[in-house]
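Next comes the structure, spelled out in structure tokens:
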């Protein structure tokens with residue numbers, strides 16, 4: 001087509017590319033707006049499937065209005081009866097090029113991209129639209145970091161080769177198992193593809209490797225997705241857990257919609273923006289010191305500076321000398337309790353005892369006590385837990401939700417452990433079955449007694465690092481999202497109003513409690529899932545903090 005050319009009120013100014021459809025930068029001559037015009041070519045019009053896809057895309061996308069979805073302004077046919085659509089003109093690049101060029105930003109920048117994609121998918125699902133082709137090429141980012149989701153349905157026609165099975169080349173990496181096997185297509189295929197995209201956004205690589213469609217499909221159907229590249233890239237545990245849930249083989253095991261996905265990503269972003277160290281307020285405020293004369297302050301400052309300079313010149317190392325690393329203390333004391341060191345290194349994780357490496361961290365020696373909880377509530381105005389027992393400061397605090405626990409750890413300048421951190425703190429490095437060894441030895445854990453014990457009880461059952469009652473006494477909340485099964489959904493539907501759904505956030509609890517009839521053999525690596533708003537008289541928590 002000779003440029004400039006005109007289609008209706010749109011003046012085509014520049015050819016941007018395409019295959020069976022051609023895309024032009026154009027100008028709306030009535031209102032002067034720059035737009036993109038996509039025209040189906042003669043070859044595309046002769047291909048019944050390509051034409052049907054083009055028309056379907058125009059109809060679907062034309063009914064969508066969302067900040068993170070490409071806007072369709074107009075639709076029609078030119079003089080040769082070629083259908084065209086008029087779209088928002090985007091400046092920037094697609095996510096594929098941004099990933100390859102390292103232009104997705106730091107962790108916060110990547111998460112901001114991900115949450116915008118998730119918001120777009122949440123919206124289109126409310127419009128009863130399944131995208132079915134989520135991948136980096138279909139996500140556009142401008143210089144301000146605004147994301148636009150593009151190319152709806154499987155209406156991708158611009159210059160992409162097709163396999164003999166009719167798949168768009170490049171798409172198989174993001175296909176859910178049920179797509180591969182030709183089962184019913186639901187919104188869950190978008191959830192799966194989003195999980196793959198999130199993995200690639202965080203790591204820069206695809207989670208599935210294969211140079212043929214057959215090899216890729218085999219991996220999708222049969223091989224577990226390996227999360228190690230996510231950990232190596234520094235992705236938060238909550239993001240790793242979200243990827244694992246989204247890419248579950250069974251649609252029933254994935255998040256049932258994007259509202260929970262959006263909420264989880266927003267929580268991770270909020271945690272990144274929160275102060276890294278918020279110390280508890282003192283129980284008694286100190287009286288302000290009397291004002292001192294300015295000359296006395298200046299003299300004191302000068303003396304300090306002189307002392308520092310003198311010490312520096314006396315004690316400074318020779319130029320060739322290297323600063324020695326100070327070993328981490330095996331234990332530390334905090335205003336909310338003692339903590340013990342879990343050194344950096346590998347440990348045997350899970351039922352299969354996989355080798356997993358974690359950086360050093362400190363873990364509370366005991367479960368958080370009623371005394372610590374009362375101090376937190378007094379300092380912040382946070383309500384006491386239901387049925388809070390007066391006169392029992394040494395018992396573990398219970399009847400707390402994950403939200404209560406998150407508020408406490410933020411105040412204390414700590415955080416909740418991830419599932420992996422909890423297990424290493426409880427199990428040590430050798431893959432043992434219980435904190436104290438491989439024998440159940442019920443007397444070493446408060447299980448089946450139907451009565452809580454003080455947080456410093458059962459010293460004989462300490463973990464290899466010295467943490468007490470990692471198993472027994474009360475279940476412990478950890479910072480790990482989980483997906484409920486049918487039994488959990490049915491149980492909590494009977495005891496909570498409104499009934500929780502799979503779409504709601506659910507969290508993991510670890511370690512058993514006094515109310516359990518027996519000590520399960522798999523308790524060190526197994527877990528239970530509860531709704532985020534659930535509180536119970538046998539659920540508490542403990543804290544961790546990074547080792548500096």
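Residue numbers (the working numbering): 1 to 548. No residue lacks a Cβ here, since even glycine has one placed at the ideal position from N, Cα and C.
Here the segment 366–382 lies against the segment 331–339, with 3 or more beta-carbon pairs under 8 Å apart.
Listed in chain order, the alpha helix (DSSP H) runs fully inside the segment 163–250 are 177–180, 188–203, 213–222, 228–232, 237–246, counting runs of at least 4 residues.
Short of 8 Å from the beta carbon of residue 145, and not among the five residues preceding or following it, lie these beta carbons of its own chain, in chain order: 105, 109, 112, 113.
Ranked by Cα distance from residue 471, the options 125, 213, 515, 446 are led by 446. Residue 419 and residue 480 have their C-alpha atoms spaced approximately 6 Å apart. As DSSP reads the structure, residue 132 sits in no beta bridge. Note that the C-beta distance between residue 70 and residue 150 is below 8 Å. The beta carbon of residue 510 sits closer than 6 Å to the beta carbons of 422, 476, 478, 527 from its chain, once the five residues preceding and following it are set aside; these are given in chain order. Along the length of the segment 342–372, whole beta strand (DSSP E) runs at least 3 residues long occupy 345–349, 354–358, 361–364, reported in chain order.
For residue 23, the uninterrupted beta strand (DSSP E) segment begins and ends at 21–28. Under DSSP, residue 499 shares a beta bridge with no residue. Per DSSP, reduced to three states, the secondary structure at residue 458 is coil, with no helix or strand assignment. In this structure the segment 72–92 touches the segment 34–50; the number of beta carbon pairs closer than 8 Å is three or more. The segment 380–400 makes contact with the segment 530–546: 3 or more CB pairs, one atom from each, lie closer than 8 Å.
Around the Cβ of residue 499, a 10 Å sphere holds fewer than 16 other Cβ atoms; the residue is exposed. Cβ-Cβ separation between residue 136 and residue 200: approximately 7 Å, consistent with a contact (criterion under 8 Å).
Proximity to residue 256 across 532, 505, 179 peaks at 505, based on C-alpha coordinates. Checking the DSSP bridge columns, you'll see residue 374 has no partner listed.
When C-alpha distances from residue 23 are compared across 73, 49, 89, the shortest belongs to 89. The beta carbon of residue 444 is closer than 7 Å to those of 436, 458, 460, 461 in its chain, skipping five residues each way along the sequence.
Taking all protein chains in view, the Cβ of residue 205 is surrounded by fewer than 16 other Cβ atoms within 10 Å, so the residue is classified as exposed. Collapsing the DSSP output to three states places residue 82 in coil. If you ignore the 5 residues before and after residue 433, its C-beta comes within less than 7 Å of the C-beta of 521, 524, all in its own chain and listed in chain order. Between residue 352 and the set 181, 5, 73, 431, the nearest pair of CA atoms involves 431. A residue is called buried when at least 16 other Cβ atoms come within 10 angstroms of its Cβ; residue 124 meets this threshold and is buried. With contacts defined by Cβ atoms closer than 8 Å, residue 132 and residue 191 do not form a contacting pair. Under the three-state reduction of DSSP, residue 119 is assigned to helix. DSSP lists 141 as the bridge partner or partners of residue 93.
In the three-state DSSP reduction, residue 261 falls in the helix class (H, G or I). For residue 404, the uninterrupted alpha helix (DSSP H) run begins and ends at 402–412, by DSSP. Take residue 8, set aside five residues on each side of it, and the residues of its chain with a beta-carbon closer than 7 Å to its own are 76, in chain order. Here residue 426 carries a helix assignment [DSSP, helix/strand/coil]. The beta carbons of residue 411 and residue 376 sit about 5 Å from each other, so the pair counts as a contact at 8 Å.
Its chain contains 345, 346, 347, 348, 464 as the residues whose beta carbon lies nearer than 8 Å to that of residue 429, once the 5 sequence neighbours on both sides are disregarded; these appear in chain order. Annotation for residue 141: 92, 93, 95, 98, 113, 147 place their beta carbon closer than 7 Å to its own, counting only its chain and skipping 5 residues before and after.
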